[in-house]
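S.K.: Here you go, one structure.
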Amino acid sequence: ADLREQLSVPAEESWQRAWERTPGASAETAAAGAELRLCAEQASGTVDRANATAQPSPSPELPPLVLGLPLGQIHLTTVLELFREVGVLSR
Numbered sequence: 001a002d003l004r005e006q007l008s009v010p011a012e013e014s015w016q017r018a019w020e021r022t023p024g025a026s027a028e029t030a031a032a033g034a035e036l037r038l039c040a041e042q043a044s045g046t047v048d049r050a051n052a053t054a055q056p057s058p059s060p061e062l063p064p065l066v067l068g069l070p071l072g073q074i075h076l077t078t079v080l081e082l083f084r085e086v087g088v089l090s091r
């Protein structure tokens, strides 16, 4: 809840003047908004707090898939051996 909702008009104006004079307050608010946008997008990254810009990190590269299985000699060999053990490939 916003604590300023119940302020009188003079108190609201006084609060606004104090806010405008507070160094970095609006930049900090903008940076917090940029961080929230990163979270909402479920993205990793960093926020430059000086200018409130978000810089998402690149997504990690995933190995290519064949029939839903990641490619890789060790993985492929293991899966084939498991299939042989359960009799899938011996028929």
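UniProt numbering puts the last residue of the sequence shown at 91; the count rises by one with no breaks.
No residue lacks a Cβ here, since even glycine has one placed at the ideal position from N, Cα and C.
Predicted model, so just to flag it, every value in this text is computed and none were measured.
Between residue 25 and residue 52, which are expected to be in contact by the criterion C-beta below 8 angstroms, what is the C-beta distance as a whole number of angstroms?
M.R.: With a Cβ gap of about 12 angstroms, residue 25 and residue 52 do not count as contacting.
S.K.: Rounded to whole angstroms, what is the Cα-Cα separation between residue 16 and residue 57?
M.R.: Approximately 36 angstroms between the Cα atoms of the pair.
S.K.: What residues in its chain sit with their C-beta under 7 angstroms from that of residue 46, if we drop five residues either side in the sequence?
M.R.: Around residue 46: 55.
S.K.: Is DSSP giving residue 73 helix, strand or coil here?
M.R.: In this structure, residue 73 counts as helix in the three-state DSSP scheme.
S.K.: Taking buried to mean at least 16 other C-beta atoms within 10 Å of its own C-beta, is residue 11 buried or exposed?
M.R.: Burial call: exposed.
S.K.: Hey, how far is the Cα of residue 75 from the Cα of residue 36?
M.R.: Going by the C-alpha atoms only, they are around 38 angstroms apart.
S.K.: How many Å lie between residue 38 and residue 81 at the Cα?
M.R.: Distance between the alpha carbons of residue 38 and residue 81: 43 angstroms.
S.K.: Here's a check: name, in chain order, each residue in its chain whose Cβ is nearer than 8 angstroms to the Cβ of residue 34, leaving out the five neighbours to either side.
M.R.: Hits under 8 angstroms: 47, 52, 53, 54.
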